[in-house]
Amino acid sequence: MRVTGRAIALVALLLATQLCAVEAAREQPPYWLAISVDGAELNAGPDATPATGEVALTVAPGQTVNLRAKVVGGRRAYMMWPDTYANVGPNTTILVHGFNEMEYQVQTEAFHGTGKWTVTEEKYTWSAGGQGAVSPVDPGGERVNWTAPTQPGTYQITVSGGVKFHFRREAPGGVFEDDEDSGTLSRTVRVVVRGDAPAQAMTQQQALQLIMSRFNNLGTGPTEGSYPTYVASAGFWNNVYSVFSDANTPYVCGGWQGTVLDMLDSMRNGTDTEKQVFQRYDYGPIHAYYGGHQAVVIYPKGTDWQQTGIVLDPWPNQQPETFTIANWKSRFWFGVAPSSVYKDQYPLTGASAYPAPRLKISQEHMAVLRRLPEQQRNQYLALTNVNDRNAFISNLPPGTTDTTAVAVHSPVQMLITDAQGRRVGWVDLSTWAYEIPGVDVDCFPESGGQHGMVVLLPQGNYDVQITGTGSGTFGFTQAVPPTVSANPLTHRLDVPIQPGQRLTCRLSPIAADAALIGPGGAAIPLEPIPTQAGTAAPGNTAVTATPATPTAEAGTTVGGGAAVAPPAPIDMTGVTITSPRDGDRIRGRVEVTGTGRPGALIVVSTEARAQEDDELLRDVPGSRHRIEDDGTWRVWVAAPTLPDNIAVPLYYTIKAKWITQQEESDEVQVKVFRAE
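Under the numbering used here, the first residue of the sequence shown is numbered 630, with each subsequent residue one higher.
Below, the structure is given as C-alpha cells:
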C-alpha cells in the first residue's frame, strides 16, 4: 500500500522523535558516469570528485581493451557510503549497503521501522561509430571489450547509461514507496591508436580453422558395449553408465565442457599464432535447461553469441561436434544462458577479463564441482597443488561424488524433489524448475512433438512424480551404483498412461529396487537389465547393458511393404539400410535396420524436407550405436517434428553411415513419407 498526507507526516514525526532516521548528513554529489579500463577500480569512493570530462588512453593497433561504465554519485553514493551521506542515529542499524542495495532498520522499545533502497533497472549503450569492434561482456552493457582498428589514428567511443532506484519504508504508520531515476548520462573515451599495424592479421576464417583443428582432436567418449535401442544418444547412455563407472564420469556434459574450455584457455595463452585467434573470436561456457546441460560457445568479436555463436558440444554423440546456436537451441530447447557454474570467471559470465593461466581442472573433478555449493567450489579453486585437489575430492561424502540416474520416455513429464524440497523437472505443462545444484539434464526430442528426459543426480533420497501428457505407454529407467543394489540398472518400457494420470517413485540408496506406484496405489515393479563388463579405462570396471527389445509400437513401416529378403553377404567396406525402404510410410517412430562393418559405430540421422521444392526444414543430428558382431544393426529414430505453422507436404530422409577412429563409410539414405 502507498500512504500519503497525514500517515507520511506521522511516520516522519515518529522517526524524528526517535532521533534515528537515515537522512542526508553530507549533501549527495551529483550523478556522474565513472569509467575504468582493463579492470582498474572505479573512482567511486566517498570522497571521489565527480568526473564528466573525456577519458583518454593509448593502445596498439589491433589491441583489445576492457571498458567499464557505472553510474555513481547521487542516490547510489547514499546507498554505498551511508556513514558519509546518511545521519545514522543511535537506534538505527545499517543491514546492507553497496552498489545495488541499502537497507536499514530502526528499533526502540516503542518503535520498529525498516527502509530499503534497491536498483530496479540499469543499462548502458556503447558506440564506436563503426570503428574497431565492440563486444558486450554482460547483459546490461556495463562492461565491453573494444578491439582497436589496425590503422593508427584517433578514435572516439561514447557510452550512455542510467539507473533506476526503488525505496520502500515500513513503519507503524504504514508503508511508503518512492522511485528515483538518475536520468541518462553520457561520457566519451578518446583512444589514440599508435604503432605499427600487424603485418599479417589473421582472418576470421583462419581463426575458426585453428579452433576446429584443435577441437576435432579431442578424442571420443566411451563407446564400447551395446546401447539399448530406445535411448536418444550415446551421451544419454554415458550419463547412465557414469553411475557405475568412473571411466564414464569425464564424459558427462560438464566434463566435456571443462575439456573444451581448457583447450581454448591453453590456446589463448599459447603460441603467438594461437593468441591471434582471440583477436577474432570470443568464447565462454553456456548452459541449457537453466543449468542442466553444459557446453561452450565461440563467436566473432563484437557480435551477439545468441545470434552468431557456434556451439562446441561433444556430449550428445560422445565425439567433437559443432552446432549453430539456432540448431543447438532447437535440440536443447529452453533455459539457454551463460553458465552459472562459471559465474564471474569468463567475460561471458560476468568477469572483466578472461582468467589468467590456472591449474588445470580435470574432467573428473569438474563433474563433481558442478554439484558443490559455491563456497566449496571456491575452497577447491584456492588449492594450488594437484595432490591437495585430489585429496579434497576424495574426502567429499559419497552423496556428493556418487550419482543416480533416472529417465523417462514420452508421453509423460517428470518432476524430481529432494529432501530439502528443491525440484528439477516439469512443475506443470509449461513451468520448468531447476533448483538442485549441478544436476545434469537432457530433454531429448521424441515422436509427436513430445520429449523424453534423463537426469543425473547426486546420490540421495528423491521423490519422483510422473504425469501423463498423452495416451499410450511410457518407458522408465533407473540406475544406481552397484554397491547399493544387486540390480543397479532397472526399467519398465510398457507402462500405460493417460493425460493427467500421475505415478510416483522413491529414489533411495537404501531402497534401490523400489517400484513405480501407479494410480490407486498399485505397484508396478521394475525389471532388471542384465549387465556385463565392458571396455573401460585401466583400473576401472565399466558396466554395459545388453540390448533391450522395445515393445511393438506405432512407428514401424505401414502399408504396401513387401517381405524383407534375407541379407546378402555383408560388405565390410559399405553400409546398407534394409528397412524402411524408399517410398515407405512411417509413423512417429520407426525402427531402422541395416548392415555395416562389425564393431564400428552406425550413425543414423534424419531430415525433413518440403516435397514441393526440396527445402530443408529440419535436420536432426545422428545418434550412434555399435554394429553387432554379425554385421547387423537396428536403431529406433523419431521423425523430426515441425512447428504447427508449417503445413507443406513433407518427406523424410533417413541417412546412415558407419565410423571408426580412423575411417568412415560413404553415406546411404532412404526417402520415406509420414503416415497420417
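Think of the CB as a built atom: it goes at the ideal place given N, C-alpha and C, for glycine as much as any other residue. These numbers were taken from a predicted model, which means no experiment stands behind them.
Which residue's Cα is closest to the Cα of residue 1231: 1215, 1247, 1260 and 1210?
It is 1260 whose Cα lies nearest to the Cα of residue 1231.
With a threshold of 6 Å on Cβ separation, who are the neighbours of residue 973 within its own chain once the five nearest residues in sequence on each side are excluded?
Once the five neighbours on either side are set aside, the close Cβ partners of residue 973 are 979 and 980.
Could you give the first and the last residue of the continuous alpha helix (DSSP H) run that contains residue 751?
From DSSP, residue 751 is part of no alpha helix (DSSP H) but of the beta strand (DSSP E) over 741-756.
Report all residues from its chain with a CB closer than 8 Å to the CB of residue 1061; omit the five preceding and five following residues, and keep chain order.
For residue 1061, where only same-chain residues beyond five positions count, the Cβ hits under 8 Å are 918, 919, 963, 964, 1054 and 1055.
Does the segment 1042-1054 come within contact of the segment 1078-1095, defined as at least 3 CB pairs closer than 8 Å?
At 8 Å Cβ cutoff, the stretches touch.
Spatial neighbours of residue 1127 within its chain, please: CB distance less than 7 Å, with the 5 preceding and 5 following residues excluded, ordered by chain position.
Contacts found: 1097 and 1100.
Determine the contact status of residue 794 and residue 735, defining contact as a CB-CB distance below 8 Å.
Result no, Cβ atoms of residue 794 and residue 735 do not sit closer than 8 Å.
Which word fits residue 1080, buried or exposed, when buried means at least 16 other C-beta atoms lie within 10 angstroms of its C-beta?
Residue 1080 comes out buried.
Determine the contact status of residue 1095 and residue 1131, defining contact as a CB-CB distance below 8 Å.
It is a contact, given that the beta carbons lie within the stated cut-off.
Taking the alpha-carbon of residue 701 as reference, which of 661, 821, 1147 and 719 has the nearest alpha-carbon?
Measuring from the Cα of residue 701, the nearest candidate turns out to be 661.
Can the beta-carbon of residue 1280 be found less than 8 Å from the beta-carbon of residue 1301?
Yes.
DSSP beta-bridge partners of residue 990:
Paired residue(s): none; residue 990 is not in a bridge.
Check whether the segment 747-767 and the segment 781-793 touch, using three or more Cβ-Cβ pairs below 8 Å as the test.
Touching, yes, given that three or more Cβ pairs across the two stretches are closer than 8 Å.
Helix, strand or coil: how does DSSP classify residue 907 here?
Shown here, residue 907 sits in coil according to DSSP, grouped into three states, outside any helix or strand.
CB contact flag (residue 1287, residue 1233, <8 Å):
Between residue 1287 and residue 1233, the gap from beta carbon to beta carbon reaches 8 Å or more.
Helix, strand or coil, according to DSSP, for residue 658 in the structure here?
Note: residue 658 maps to coil in three-state DSSP.
Output the distance between the C-alpha atoms of residue 960 and residue 940, rounded to the nearest integer angstrom.
So the alpha carbons of these two residues sit roughly 12 Å apart.
I'd like to confirm the pairing. Which residues does DSSP put opposite residue 1091 in its beta bridges?
In DSSP, residue 1091 forms a bridge with 1047 and 1136.
With DSSP as the reference, label residue 737 as helix, strand or coil.
Secondary structure at residue 737: coil, using DSSP grouped into helix, strand and coil.
Would you identify the three-state DSSP class for residue 983, choosing helix, strand or coil?
Three-state result, residue 983: coil.
Check whether residue 1103 and residue 1039 have beta carbons under 8 Å apart
Yes. Within cutoff.
Grouping DSSP H, G and I as helix and E and B as strand, with all else coil, what is residue 718?
If DSSP states are grouped into helix, strand and coil, residue 718 belongs with coil.
Am I right that residue 833 and residue 929 are in contact with their C-beta atoms under 8 Å? What's the rounded C-beta distance?
That pair is a contact at about 6 Å.
Local Cβ density within 10 Å of residue 942, reported as buried at 16 or more and exposed below that
Using a 10 angstroms sphere on the CB of residue 942, the tally of other CB atoms reaches 16 or more, which defines it as buried.
Rounding to the nearest angstrom, what Cα-Cα distance links residue 1162 and residue 1084 in this structure?
Low per-residue confidence applies at residue 1162: pLDDT is 34, beneath 50, and the placement is therefore not dependable, though the value from the model is reported in the following sentence. For residue 1162 and residue 1084, the distance between alpha carbons rounds to 23 Å.
Beta-carbon proximity list for residue 670, same chain, < 8 Å, skipping 5 on both sides
Hits under 8 Å: none found.
Excluding the 5 residues flanking residue 696 on each side, which residues of the same chain have their C-beta closer than 8 Å to its C-beta?
Excluding its 5 nearest sequence neighbours in each direction, residue 696 has C-beta neighbours in its own chain below 8 Å: 664, 665, 666, 755, 772, 773, 774, 775, 786, 788 and 818, listed in chain order.
Looking only at its own chain, which residues have a Cβ that is under 6 Å from the Cβ of residue 1222, when we skip the five neighbours before and after it?
Taken in chain order, the residues that qualify are 1207, 1208 and 1263.
Around the C-beta of residue 916, are 16 or more other C-beta atoms found within 10 angstroms, so that it is buried, or is it exposed?
By the 10 Å Cβ count, residue 916 comes out buried.
What would DSSP say about residue 801, mapped onto helix, strand or coil?
Coil at residue 801, not helix or strand.
Measure the CB-CB distance between residue 921 and residue 707 and report whether it falls below 8 Å.
No.
Do you know whose CA, among 694, 841 and 1235, lies nearest residue 1220's CA?
By alpha-carbon distance to residue 1220, the top candidate from 694, 841 and 1235 is 1235.
Going by DSSP, what residues sit across from residue 1103 in a beta bridge?
1124, per the DSSP bridge assignment.
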